[in-house]
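Numbering (the working numbering), first residue to last: 1025 to 1168.
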């Protein structure tokens, strides 16, 4: 399951949903909003996305992850909207019978989401400056 949501992520519910008695490994990655970027103090982040393209690309990445690695399940959810320092912006979960596949799949999953899903990040700095960025090289300009 891949989804984008405005509400806080419920990690306990996600862990419960993905657990499988055949799996000995559950790997979770949480991407948190940090208070700095390239030597500048960050006060908040705002994420924007292209709803249709982001959903399609996220689902494509999940399908690739399932096909490429010996895992049982995978889930990824990305937040959009304004997030405070310390909030979870993205979470990826993978399960497999053994840890190696779960770790490798989770790394592939988060790296692919960051590189390919059209999500833009606006950082607000303590100086009042605001800057839009996108780690996705193919995402183009920020949608308005």
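Heads up, the beta-carbon is just placed ideally off N, CA and C, and yes, glycines get one too.
Tell me which residue opens and which closes the beta strand (DSSP E) that residue 1107 is part of.
Taken as a continuous stretch (DSSP letters only), the beta strand (DSSP E) holding residue 1107 covers 1105-1108.
Measure the C-alpha to C-alpha separation of residue 1029 and residue 1120 and round it to an integer number of angstroms.
26 Å
Leaving aside the five residues before and after residue 1115 along the sequence, list all residues of the same chain whose C-beta is less than 6 Å from its C-beta, in chain order.
1033, 1054, 1101
Here's a check: name, in chain order, each residue in its chain whose Cβ is nearer than 7 Å to the Cβ of residue 1065, leaving out the five neighbours to either side.
1059, 1149, 1150
Within 10 angstroms of its Cβ, does residue 1092 collect 16 or more other Cβ (buried), or is it exposed?
exposed
So, under 8 Å CB-CB, residue 1139 and residue 1098 are touching, yes? Tell me the CB distance rounded to an integer number of Å.
Incorrect: roughly 17 Å between the Cβ atoms, too far for contact.
What I want to know is whether the C-beta of residue 1028 ends up closer than 7 Å to one or more non-hydrogen atoms of the ligand COA.
By its list of ligands, the structure shown contains no ligand whatsoever, and the ligand COA lies outside what it can speak to.
Sequence-distant residues of the same chain with beta carbon closer than 7 Å to residue 1061, five excluded per side
1147
Which partner residues of residue 1065 appear in the DSSP bridge assignment?
Bridge pairing for residue 1065: 1060 [DSSP].
Do you know offhand how far residue 1049's Cα is from residue 1165's?
Approximately 39 Å between the Cα atoms of the pair.
Tell me the residue span of the beta strand (DSSP E) that contains residue 1026.
1026-1029
Going by the beta-carbon positions, is the gap between residue 1113 and residue 1123 smaller than 8 Å?
no
In terms of DSSP beta bridges, what is residue 1049 paired with?
1120
Let's see if you can read the secondary structure: which residues bound the alpha helix (DSSP H) around residue 1076?
1075-1092
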